[in-house]
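Trainee:
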Amino acid sequence: MNNNFYKGHHIRKSFGQNFLIDQDIIRKIVSAIAPQKSESLVEIGPGLGALTVPISEKLDSLLTVIELDRNLVTRLQNHYFLSYKLKIYQQDAINFDFGALEKKQGQPLRVFSNLPYNISTKLIFHLFKHLISIKDMHLMLQKEVSNRLIAKPSTKAYGRLSVMAQYYCQIIPILEVPARAFIPVPKVDSMLVRLVPLSLPAYPVKKLSLLSFITSKIFSQRRKILRNSLNNIIPISILNELNIDLSLRAEDLTVIQCCQLANCLDSYKTEILNHLKN
Numbered sequence: 028m029n030n031n032f033y034k035g036h037h038i039r040k041s042f043g044q045n046f047l048i049d050q051d052i053i054r055k056i057v058s059a060i061a062p063q064k065s066e067s068l069v070e071i072g073p074g075l076g077a078l079t080v081p082i083s084e085k086l087d088s089l090l091t092v093i094e095l096d097r098n099l100v101t102r103l104q105n106h107y108f109l110s111y112k113l114k115i116y117q118q119d120a121i122n123f124d125f126g127a128l129e130k131k132q133g134q135p136l137r138v139f140s141n142l143p144y145n146i147s148t149k150l151i152f153h154l155f156k157h158l159i160s161i162k163d164m165h166l167m168l169q170k171e172v173s174n175r176l177i178a179k180p181s182t183k184a185y186g187r188l189s190v191m192a193q194y195y196c197q198i199i200p201i202l203e204v205p206a207r208a209f210i211p212v213p214k215v216d217s218m219l220v221r222l223v224p225l226s227l228p229a230y231p232v233k234k235l236s237l238l239s240f241i242t243s244k245i246f247s248q249r250r251k252i253l254r255n256s257l258n259n260i261i262p263i264s265i266l267n268e269l270n271i272d273l274s275l276r277a278e279d280l281t282v283i284q285c286c287q288l289a290n291c292l293d294s295y296k297t298e299i300l301n302h303l304k305n
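Every position in the sequence shown, counted from 1, becomes a number in our numbering once 27 is added.
1. Roughly how many whole angstroms lie between the Cα atoms of Gly-72 and Val-92?
2. Indicate whether Val-232 and Cys-286 have their beta-carbon atoms separated by less than 8 Å.
3. With a threshold of 6 Å on Cβ separation, who are the neighbours of Asp-279 within its own chain once the five nearest residues in sequence on each side are excluded?
4. What residues in its chain sit with their C-beta under 7 Å from that of Glu-129, if we drop five residues either side in the sequence?
5. Contact defined as beta carbons within less than 8 Å: I believe Leu-113 pairs with Leu-99. What is the distance between those atoms, to the nearest angstrom?
6. Between Asp-96, Val-138, Ser-65 and Ile-82, which lies nearest to Pro-224 when the distance is taken from Cα to Cα?
7. So, Arg-221 versus Arg-250, is the Cβ gap smaller than 8 Å?
8. Label Asn-267 either buried or exposed according to how many other C-beta atoms from any shown protein chain fall within 10 Å of its C-beta, with 16 as the threshold for buried.
9. Would you grab the beta carbon distance between Ser-239 and Met-164 for me? Rounded to a whole angstrom, and I think it's under 8 Å.
10. Which word fits Asp-96, buried or exposed, when buried means at least 16 other C-beta atoms lie within 10 angstroms of its C-beta?
11. Run the CB neighbour count on Arg-175, radius 10 Å, all protein chains shown included, and call it buried at 16 or more, exposed below.
12. Put Val-69 into one of helix, strand or coil per three-state DSSP.
13. Ser-67 and Gln-132 - do their beta-carbons sit closer together than 8 Å?
14. Which residue from Tyr-295, Leu-47 and Ser-294 puts its Cα closest to that of Met-167?
15. Counting only runs that start and end within the segment 129-203, where is the alpha helix (DSSP H) found for 4 or more residues in a row?
16. Reducing DSSP to helix, strand and coil, say where Ser-41 ends up.
17. How about the segment 204-217 and the segment 244-261: do they share at least three Cβ pairs that are nearer than 8 Å?
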């Protein structure tokens, strides 16, 4: 089989295109999403319609799809069934305004996608910015990324993505998907995960930008102890007030402890600014 083409479509590696072809897996995914007739569903990267067709069949309203590849958009527009069932946005999902769509639809969005491996993490962080507009997400990710989402402290997979995802969402692994379920066959297996935005985080932070900043800072030096990775940002005297063991490494911190650090940056911003000047 020519891996450069599938069903007459020239597969674009630059877009990270791997098309789902296993009908049993497709049925299980649709069952997991369980779309209801009146709901507002959004698919990122519908591709050749493996999930698009069975999902749209269950909806009374139009299914919204976001597709960057203009050749695939043309195929969807000319599809004998989907041409009447879709609202198509030809653009990069990383720049898509999900909040504006939610206002237009008048109800929270249910997002699903077989995410391109090459942009999955970046797109997840973009979706986090719009969680107030999202009811839930069903995302097919490479298994390594899925494991990072659900990872616990002091494990190899635990990092910034783990902290941010677990701060924002309840994360439920749904289905492991072998590489052979796709064409071209990727080098790794995948996993479908469900992300449900939390109405109230376990430990709210005052400014999410500070949680993003502090996790980016400490996990870029994940093997350094906190005393060394934070000493040029937060005075030790202030860190001592948090009752966090400064001999811990970033990879050992719980989500709550990361939130404490973020709130510390906000509460002691004057002292910290003076510390940075010295």
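Yeah, the Cβ is synthetic: ideal placement off N, Cα and C, and Gly gets one too.
Mentor: On the basis of the supplied data:
1. 7 Å
2. yes
3. Pro-180 and Ser-181
4. Pro-135, Leu-136 and Ser-160
5. With a Cβ gap of about 12 Å, Leu-113 and Leu-99 do not count as contacting.
6. Val-138
7. no
8. exposed
9. So it is not a contact: roughly 19 Å between Cβ atoms.
10. buried
11. buried
12. strand
13. yes
14. Leu-47
15. 147-155, 170-177 and 187-195
16. Legend: pLDDT at Ser-41 = 48, less than 50; position of this residue unreliable, no value from coordinates given.
17. no
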